[in-house]
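Take a look at the structure set out below.
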Amino acid sequence: MTSKKLKVVYVDKTSYRVYLNKAKDFYEIMIKASETANWTAVGLNAVHCAISCCDAIFTFYLGIRSGGEDHMDVLNLFNRLPRNIEAGESNICKRIIAKKNLIAYENRDFREIEGVYNFLCK
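According to the working numbering, the sequence shown is numbered sequentially starting from 16.
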């Protein structure tokens with residue numbers, strides 16, 4: 016069985032700020048959506064915040080970001096980071112990003128109790 020080739024995009028390391036600013040924007044929208052109990056918006060913005068945080072980390076340390084269509088591909092890049100940087104962040108991101116299909120595509124409402132907001136903000 017052959018492993019799937021990870022698509023990466025090479026970026027200037029100084030552009031990590033762009034991804035950090037995107038993460039901040041998604042985070043702020045997530046907080047505002049939580050104030051009106053708009054849990055789908057909370058969840059999707061949490062997922063995009065996590066992805067942008069990952070892009071910022073990988074850009075800063077490696078000069079790359081994930082170029083794949085599957086958001087879970089980004090998690091494979093954690094293996095390329097120095098061990099003292101990685102230290103558990105991949106598990107946090109995996110748990111958040113894994114909620115995307117539930118939030119966006121399942122035939123039911125996403126609720127506060129399902130954890131993305133609680134995990135990040137409480």
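Cβ coordinates follow ideal geometry from the N, Cα and C atoms, glycine included.
Rounded C-alpha distance that separates Lys37 from Phe75: If you number the sequence shown from 1, residue 37 lands on position 22. If you number the sequence shown from 1, residue 75 lands on position 60. Near 15 Å, if we compare the C-alpha coordinates of Phe75 and Lys37.
Thr17 versus His63 - alpha carbon distance: For the purposes of this step, residue 17 is taken as residue 2 along the sequence shown, with counting starting at 1. For the purposes of this step, residue 63 is taken as residue 48 along the sequence shown, with counting starting at 1. The predicted model places Thr17 with a pLDDT of 47, which falls under 50 and marks its position as unreliable; any figure quoted below should be read in that light. Taken atom to atom, the span from the alpha-carbon of Thr17 to that of His63 is near 29 Å.
As assigned by DSSP and simplified to three states, the class of Arg126: Stepping through the sequence shown from its first residue, residue 126 is reached at position 111. In the three-state reduction of the DSSP assignment, Arg126 falls in the coil class, being assigned neither a helical nor a strand state.
Counted within 10 angstroms of its Cβ, other Cβ atoms place Lys114 as buried (16 or more) or exposed: As a first step, residue 114 must be located in the sequence shown, where it is residue number 99. Label assigned to Lys114: buried.
Cβ-based burial, Asp70 [other Cβ within 10 Å; buried from 16]: Numbered from its first residue, the sequence shown carries residue 70 at position 55. By the neighbour-count criterion, in which a residue is buried when 16 or more other Cβ atoms sit within 10 angstroms of its Cβ, Asp70 is buried.
Supposed contact pair Ser81 and Val23 - C-beta distance, whole angstroms, cut 8 Å: Counting from one through the sequence shown, the residue named residue 23 turns up at place 8. Counting from one through the sequence shown, the residue named residue 81 turns up at place 66. For a cut-off of 8 Å, the C-beta gap from Val23 to Ser81 is around 6 Å, short enough to register as a contact.
Per-residue DSSP class, three states only, for Val24: As a first step, residue 24 must be located in the sequence shown, where it is residue number 9. Three-state DSSP puts Val24 in a strand.
Which listed residue (Asp88, Ile118 and Lys28) has its alpha carbon closest to that of Cys108: Along the sequence shown, read from residue 1 onward, the residue named residue 108 stands at position 93. Ranking the options by Cα distance to Cys108, first place goes to Asp88.
Closest residue to Asp27 among Phe73, Ile111 and Asn94 (Cα-Cα distance): Taking the sequence shown and counting its residues from 1, the one referred to as residue 27 is at position 12. Put simply, of Phe73, Ile111 and Asn94 the residue whose alpha carbon is nearest the alpha carbon of Asp27 is Phe73.
Per-residue burial, Leu92 [other beta carbons within 10 Å of its own, 16 or more giving buried]: Position 77 of the sequence shown holds residue 92. Buried: at least 16 other Cβ atoms inside 10 Å.
8 Å Cβ shell around Leu96 - same chain, five flanking residues per side excluded: Counting from one through the sequence shown, the residue named residue 96 turns up at place 81. Cβ neighbours of Leu96 beyond the five flanking positions: Ile72, Phe73, Tyr76 and Leu77.
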